[in-house]
Every structure is written in C-alpha cells, then in structure tokens.
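Chemist: The opening position of the sequence shown corresponds to residue 1 in UniProt numbering, with each subsequent residue numbered one higher. Glycine is no exception: its CB is placed at the ideal position from the N, C-alpha and C atoms.
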Amino acid sequence: MQRPMSVQNTQWSTIAESSIGQAMAVLGGCSTVGLIAELLAVDETAVRTVVRRLAARSSSRVVIDDLDAVERRPREIPAPAHPELRCRAAELLHSKGFPAATVADQLVEAGVADYPWAARVLLAAADEALANDQIDRAADRLELAYRATREPSARGALAVRLVCVDWRGSPSSRTRNFSRMRAALRGGRVPAAQLPAAVMFLLWHGQTQRADQALGQLSSCPRDEPAPQAEFLRAWLRFTHPPYVPRHQGLFADGRLPADDRLPEPAAGAVESRRPTQPDQRPPHLLGAELLTRLCTTHPLDDTTTLAQRLLTCHRLASTTVETLAAAVHCLIYTDRLDTAAAWCDSLLAEAEARKAPTWQAIFAGLRAETMLRKGNPRAAANEAALALNHVPAEHLGVWVGIPIAVRIRALTSAGRLAEAEAQLRRPVPRALFESRFGLLYLHAHGHFQLATGQPREALRTFRRCGELMRRWRMDFPWLVPWRNDIAVAHLALGEGRHARAFATRHLDLLGGAPAHRTGGVSLRLLAATADRYQRVRLLREATAIARSAGCDLELATVLGDLGAAHRAVGDHEKARMLIREAVRIAEACGADPLLRDLLGERQPAPTVSPLTATPTGVAALSPAERRVAELAAHGKRNREIAAALAITTSTVEQHLTRVYRKLEITRRTELTFTLNAPKTVSAHA
C-alpha cells in the first residue's frame, strides 16, 4: 500500500542529500539502495528519490536497484566526516556476509575495531592483502588488530606478524614492531606458533640472548604434534646456527635431529620408505626441514637435489616461505647444481623485484653471487654481491651480510682488486656472524685475501680457525667450505709440500673420491704441485676433467695453466702452448687478472708468494707479461701480431702497453728500444 504524500514529504524533509551522499561514499562499490537505506535506517523509496536526483546532477553512474556497479564519486558527494558511519557500515557489511577485505577497509577508515569479530576479519583481510602484495594495506589491517586486541598472547602473535610484514621491505631491528615483539618475548607472551619466526628474526640481527630466551620458551612447549615451522627451525638451526644446538638440547631430543652427533647417512631404502606418496602436498616448512636434514651429511644423496627442486617448484615466494626457498637454493649450490641454482636465483630475483620486496632481492642476489663465485666467475660474483648489499642498507642485513661481503672479498681478490677487497674487510660485521655458517664463508674469503697479499702464515691461521669451528659445530662437510684444501694452498706457499699433500689427501678421503665434488679436482691440482713431473700430468688431466664437468671457469683456467706448464716440463711445447692459450682465454673472460698475468708470465704450477720488497721502478717494475709485450713492440711488431704470438687479445696488448708507458715514463712506441735495450731475439712461446 502506497504511503500518503504528506508522510513522504515529511520523511524527505528530514533526510539531507549529504547524508545519502556520505552513505554512498562510505559503501563505495557496495552501494545499493537497500544497503544505503539500512545504513541510514530510512525508507528505501526516499533513498531512491535522492539517488536519482544525485545521479541526474553528476556524471557518475549510481546504483538504483540492488545490483553492484563501479562507483565514480561525484564532486557533489562530500567525504564522511564521522567514523560512526564507517563503524555502522562495517557492522552492516559483516552481517550481510561481505568479504573480509571489504569489511576491514571500513574498520581501518574508522580506526575502530571494538567488535568480537573484528580481529578475525582484519587478520583474514591482511592475509589477502599480503597474497596480493598490498603491503601497506596489510600493515594497516594488522596494526588496527594489534591496537584493538587486549589478550596478551594475541598481541604477541600480532607483533611477530607485523615484523614479518616490515621485513620484506626493511629488515631493521629499530622499528616499533620489532620493539613490540621483543617486549612480548620478555613477558613470555608470544604463542608457540610464532616463536620460530621470532627466533629467526632475532638471530638475523645477532641478538643471541633474546634468541636463547625464545628457544627456551619453545623447548618448554608441548611437542605431541610438532608444527611445520618448528620442524624447519630445528633443521635450520642445525645448518645455519649450529652453536645453538648444544645449548637447547630439548629441541633436538625427538630423534629427528640429533644434537650430539652428525646426522647418520640414511640408506637408500630407508629414504624411499619414508617418502610420502605425494610429497608435493606437504607444507613447505616440512619439505625444507627434510631437505636440510638430508643435506647435513658428508655425502648428501642424489635425491636431495630433487627434493630441493620440488620445493622450489611447488611453493610460491612469500614472507613465510622465503627461508625455505633460500635453503633449497643453498642445497643446489652445495651439491654443485650450479646452473640450476643460478636459474632459480634469476627467477626468484625477478619475482622479488616485480613484487617490490627489497629484502628478498638482497637474499637471492646474495645467493646468485655465491653461485657465480662457485662457477668461477669473479667478475659476475663481485657485481652480484654489490647488488645484494645495495638492495637493503648493510646494517639491516644482520649476520646474513656475511654472504655478500665474503663473496665480494673472494671475488675481488681473484680479480686482483686487492684495495677494494681490503675495503670490504674493513666493513663492520656483527660479532654473532662467527656463530653462524655465514662466518665460515667470511673466514674462507679472508684467508684467500691474506694469501694474495703475501701473508701465508696469517692465512694458515685463518683457515685453521675455520676448520676448528666446523669440527666443533659438527659441520665438517667438505662441500661446505674446503678448509683442508685452503690449508694445503697455504702450506704450498710456505714451501711445505708434505703438509700440503696430507691436507689435500684428507679432503679427498672425506669426499669419497675426487669426482664426487668440484673441490676434489682442486685437491688433485694441489697434489700435482707436490708430485714428480710425469705423475703431475696425470693428476692435472683428472683435475681438468673435473673442473670442466663442474663448469668452474676460474678453476679450469688455473688447472689448464698448471697442465700447460707440466707439459712444457716434459718437453711437449705444442701441447703446452695450446693449453695455456685456452687458460688465457678463460681467465680473461672471467676477469681473473692475477691468474692472467701469471699465465702470460710463464706461470709455474706450484703457487708461490714473493716476499714483500720495496716498490721497483723503471724496467724492474714491469711484470713478466708486460715485459714480453714491450719487447715485441720494441722490435716493431704490431699489436695484432703481438696478440697472435702470445695467444692474447689485442685489447690485452693495448692494456699492457699502457701500463708499460706509464711505468717507464715514456710517451712513444719508438722509445721502447732504447729504454728496454731489447735483445735481438724474443721467444713467442706462451
């Protein structure tokens, strides 16, 4: 029955157009006549009349019937002035079953969440925002949930989640949310489900006492059904922060991860029997835990890499999976699947960049740098490490900064850029770095810098310290850091061949044979340096095959140079020239300038370090390679002819001549004859 006109007029007179406009603005794309009327507690007919009038005066399309439409807010509609309308809208939309994100937006705009259902809605909406990479929106929703929550453990859980959201953009320990998390941990108010994430954040920044406190709380939690995150944390601690294993025996008392001994070598049949029918369906943290458990053995099984690729293939990069995916990439690196690791780093880096996650970019750029270093490309490794250090301020990278800094030191040293490498060594690093796996990489790089700068005894001490830590932590895996090979190099530099042979042999014993890992080829090369000239050729041939198969350019160039010198020693000059020509080409391509200079200066197979002397001047300042180029130029050879004679590129000839002119303080090629007093014959053997 139609209402009397007087009633409609009376109702119309009490409803201002601004109220309808505000309701439309608040409801946005959800606006319907029915919802507006219910929100304002007025008659639908009156609302429809006002809506038509507003639509006629604007270019916007307004919903007149109960159908959704895209809202273009007309200028005549004022913004809502009071949060009460937003609160009523949130209640209304929640009661009508609208999506959590729609309801959460109303709560965030109102700044109020005093409803029993509000926290649940905000958390669901935050998860949705994170899945869509709407980081600011997720943070706003979690922040409101935190402020509206009164229950202590719920606030502790939210504090950890807020740190997790902050982390992908800036992993700083100086944020409000990080302080909230620490306060909750001090009070024992972080639930067991969030403790693994809190521990990892604390250990990232080397906050060892707080991490110990959190691990103590986790140890006291019931473990009838271990959470996937806790399982991964145990394996991750064993692999990345091994000093915490003996300090928290209770975490490792379930037989999954022995605390007091190296993980046993599983039999193939046992592994097959434990494998689930559909491993792809397991949570990423359980896959990651099994992966690290399999990896932490002297001889990881072949299917360890299969599991790593399954983890990378089946799980998307997210705040909750970044550590597990990084562990999978590390598994590929340590098992010498370097091309596969590089491809995954490229993919994950591209995804992190597209999703604007600087911390993720830093992590996977660092892993790519480590991959390039193991592939023997110091130029690419140094560049990737620099990128990793530039994505996020270095002081925010915590102990993880050890990866890019170590890679950069090692790469710059191999490239002969010793001043830059020394600058990296002067960078401050957390003290806790040396209570983590990352510290081993740093010590390895530092030792090689000491070798390159004529400090073999200091290098020997550094390598021994690395080995002592690995044995103390029960992580003495030859594929992790080949410290015995490193010590052998230092002994060779000191002329102590017997000791060098002992350490290289022990490294091979632990590998179970040279072909088992690319570092086995390095051991053979070091053994060759202590062998007679005929045995040396055989050992170096084996080492060459391993280096070529592993795809390690720097090692391949090094061993080819040694093999060329070995062939020359037995009188096979043609073979020697061919091998050294290939070594020069590879060394030049990967930017290994010190090796290149050694090769061009008839490099000897055994590594030696010259004693430090006063800086030479004049002709004495020329390197062997520069001297050979200068002598050929003094006899009227063109750059192209010099390049062909010495098996180098024209560009390299030009670089050598530039340095020759500078050192001899001359400006013209014709001055070379008088300055050098060049002999009448010059050997062109490379």
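#1: When you compare only the Cα positions, how much space is there between residue 279 and residue 231?
#2: Taking a contact to mean a Cβ-Cβ separation below 8 angstroms, would you say residue 479 touches residue 661 in this structure?
#3: In this structure, how does DSSP classify residue 661 when only helix, strand and coil are distinguished?
#4: For residue 375, does the three-state DSSP call read helix, strand or coil?
#5: So, for residue 596: in the same chain, excluding its five sequence neighbours on each side, which residues have a beta-carbon less than 7 angstroms away from its beta-carbon?
#6: For the putative contact between residue 430 and residue 398, defined by C-beta atoms under 8 angstroms, what is the C-beta separation to the nearest angstrom?
#7: Here's a check: name, in chain order, each residue in its chain whose Cβ is nearer than 8 angstroms to the Cβ of residue 20, leaving out the five neighbours to either side.
#8: Would you check if there are 3 or more beta carbon pairs closer than 8 angstroms linking the stretch 571 to 585 to the stretch 635 to 654?
#9: Are the CB atoms of residue 301 and residue 328 nearer to each other than 8 angstroms?
#10: To the nearest angstrom, how far is the alpha carbon of residue 24 from that of residue 141?
#11: Are residue 87 and residue 110 close, meaning C-beta to C-beta below 8 angstroms?
#12: Between the beta-carbon of residue 289 and the beta-carbon of residue 235, is there less than 8 angstroms?
#13: Between the Cα of residue 568 and the Cα atoms of 536, 550, 590 and 638, which residue gives the shortest distance?
#14: How many Å lie between residue 246 and residue 208 at the Cα?
#15: Excluding the 5 residues flanking residue 542 on each side, which residues of the same chain have their C-beta closer than 8 angstroms to its C-beta?
#16: Would you say the stretch 461 to 480 touches the stretch 426 to 443, given that touching needs at least three Cβ pairs under 8 angstroms?
#17: By the three-class DSSP mapping on this structure, what secondary structure does residue 87 have?
#18: Alpha carbon to alpha carbon, how far is residue 228 from residue 434? Give it in angstroms, no decimals.
#19: Between the stretch 413 to 432 and the stretch 461 to 472, can you find at least three pairs of beta-carbon atoms closer than 8 angstroms?
#20: Jot down the residue ranges of each uninterrupted beta strand (DSSP E) in the stretch 108 to 135, minimum 3 residues, whole runs only, in chain order.
#21: Can the beta-carbon of residue 518 be found less than 8 angstroms from the beta-carbon of residue 555?
#22: What does the alpha-carbon distance come out to for the pair residue 562 and residue 548?
#23: Quick one, are the C-beta atoms of residue 157 and residue 190 less than 8 angstroms apart?
#24: Mapping the DSSP letters down to three states, classify residue 455 as helix, strand or coil.
#25: At which residue ranges does the stretch 315 to 343 contain complete alpha helix (DSSP H) runs of 4 or more residues, listed in the order of the chain?
#26: If distances are taken between C-alpha atoms only, which option among 84, 118 and 449 comes closest to residue 99?
#27: Between the beta-carbon of residue 553 and the beta-carbon of residue 416, is there less than 8 angstroms?
#28: Which class does residue 439 belong to by DSSP, given the choice of helix, strand or coil?
#29: Can you find the residues in the same chain that come closer than 6 angstroms, C-beta to C-beta, to residue 389, ignoring five residues on each side of it along the sequence?
#30: Please list, in chain order, all residues of the same chain as residue 375 whose beta carbon is under 7 angstroms from its beta carbon, the five residues on each side excluded.
#31: Note down the Cα distance separating residue 251 from residue 138, rounded to an integer number of angstroms.
#32: In the structure shown, what three-state DSSP assignment does residue 475 receive?
#33: In its own chain, which residues sit with a C-beta less than 6 angstroms from the C-beta of residue 600, not counting the 5 before and 5 after it?
#34: When you compare each of 145, 166, 104 and 201 to residue 323 by their alpha carbons, which one comes out closest?
#35: Classify residue 98 as helix, strand or coil using the three-state DSSP reduction.
Modeler: According to the structure data:
#1: Against the sequence shown, residue 279 aligns to sequence position 279. Against the sequence shown, residue 231 aligns to sequence position 231. Any reading at residue 279 is ruled out, since the residue's pLDDT is 46, under 50, leaving its predicted position unreliable.
#2: Locating residue 479 in the sequence shown gives position 479, counting from the first residue. Locating residue 661 in the sequence shown gives position 661, counting from the first residue. For residue 479 and residue 661, no; Cβs fall outside 8 angstroms.
#3: As a working note, residue 661 is residue 661 in the sequence shown. Looking at residue 661 - three-state DSSP - the assignment turns out to be helix.
#4: The residue labelled residue 375 in the question sits at position 375 within the sequence shown. Here DSSP, grouped into helix, strand and coil, assigns residue 375 to coil.
#5: Stepping through the sequence shown from its first residue, residue 596 is reached at position 596. Cβ within range, chain order: 584, 587 and 588.
#6: The residue labelled residue 430 in the question sits at position 430 within the sequence shown. The residue labelled residue 398 in the question sits at position 398 within the sequence shown. Contact flag correct, Cβ pair sits at about 6 angstroms.
#7: As a position in the sequence shown, residue 20 is number 20, starting the count at 1. Result list for residue 20: 36, 40, 47, 50, 51 and 54, in chain order.
#8: In this structure the stretch 571 to 585 lies against the stretch 635 to 654, because at least three pairs of beta carbons, one per stretch, are closer than 8 angstroms.
#9: Taking the first residue of the sequence shown as position 1, residue 301 is located at position 301. Taking the first residue of the sequence shown as position 1, residue 328 is located at position 328. Their beta carbons are not under 8 angstroms apart, which means residue 301 does not touch residue 328 by this criterion.
#10: In the sequence shown, counting from the first residue as 1, residue 24 sits at position 24. In the sequence shown, counting from the first residue as 1, residue 141 sits at position 141. If I take the Cα positions, the gap works out to 23 angstroms.
#11: Mapped onto the sequence shown, residue 87 falls at position 87. Mapped onto the sequence shown, residue 110 falls at position 110. Yes, the Cβ-Cβ distance between residue 87 and residue 110 is below 8 angstroms.
#12: By one-based count along the sequence shown, residue 289 stands at place 289. By one-based count along the sequence shown, residue 235 stands at place 235. Cβ atoms of residue 289 and residue 235: closer than 8 angstroms.
#13: The sequence position of residue 568 within the sequence shown is 568, counting from 1. Selected option, being the one with the closest Cα: 536.
#14: In the sequence shown, residue 246 corresponds to position 246, counting from 1. In the sequence shown, residue 208 corresponds to position 208, counting from 1. Cα-Cα distance, rounded: 14 angstroms.
#15: The residue given as residue 542 occupies position 542 in the sequence shown. Excluding residues within five positions, the ones whose Cβ falls inside 8 angstroms are 514, 521 and 524.
#16: With the cut-off at 8 angstroms, the stretch 461 to 480 and the stretch 426 to 443 touch.
#17: In the sequence shown, counting from the first residue as 1, residue 87 sits at position 87. Residue state, collapsed to three classes: helix.
#18: Walking along the sequence shown from the start, residue 434 turns up at place 434. Walking along the sequence shown from the start, residue 228 turns up at place 228. Between the C-alpha atoms of residue 434 and residue 228 there is a straight-line separation of about 28 angstroms.
#19: no
#20: Runs found: none.
#21: Position 518 of the sequence shown, counting from 1, holds the residue named residue 518. Position 555 of the sequence shown, counting from 1, holds the residue named residue 555. Contact: yes.
#22: For the purposes of this step, residue 562 is taken as the residue at position 562 of the sequence shown. For the purposes of this step, residue 548 is taken as the residue at position 548 of the sequence shown. Between residue 562 and residue 548, the C-alpha separation is close to 14 angstroms.
#23: Working through the sequence shown from its first residue, we reach residue 157 at position 157. Working through the sequence shown from its first residue, we reach residue 190 at position 190. Yes; because the gap between Cβ atoms is below 8 angstroms, this pair is in contact.
#24: Taking the first residue of the sequence shown as position 1, residue 455 is located at position 455. Of the three classes helix, strand and coil, the one that applies to residue 455 here is coil, per DSSP.
#25: 322 to 334
#26: As a first step, residue 99 must be located in the sequence shown, where it is residue number 99. Here the closest residue by C-alpha is 118.
#27: In the sequence shown, the residue the question calls residue 553 occupies position 553. In the sequence shown, the residue the question calls residue 416 occupies position 416. Not in contact: residue 553 and residue 416 (Cβ atoms no closer than 8 angstroms).
#28: Position 439 of the sequence shown, counted from the first residue, corresponds to residue 439. Looking at residue 439 - three-state DSSP - the assignment turns out to be helix.
#29: The sequence position of residue 389 within the sequence shown is 389, counting from 1. Correct list, in chain order: 404.
#30: Reading the sequence shown from its first residue, position 375 is the one you call residue 375. Non-local beta-carbon contacts of residue 375 in its own chain, meaning distances under 7 angstroms to residues more than five positions away in sequence, involve 338, 551, 552 and 553 in chain order.
#31: Start at 1 with the first residue of the sequence shown, and residue 251 comes out as number 251. Start at 1 with the first residue of the sequence shown, and residue 138 comes out as number 138. If you take the alpha carbons of residue 251 and residue 138, they lie about 33 angstroms apart.
#32: Start at 1 with the first residue of the sequence shown, and residue 475 comes out as number 475. In this structure, residue 475 counts as coil in the three-state DSSP scheme.
#33: The count along the sequence shown starts at 1 and reaches residue 600 at position 600. Answer for residue 600: 625, listed in chain order.
#34: Within the sequence shown, residue 323 is the residue found at index 323, counting from 1. Looking at the Cα atoms, 201 is the closest of the given residues.
#35: Within the sequence shown, residue 98 is the residue found at index 98, counting from 1. DSSP places residue 98 in coil when its eight states are reduced to three.
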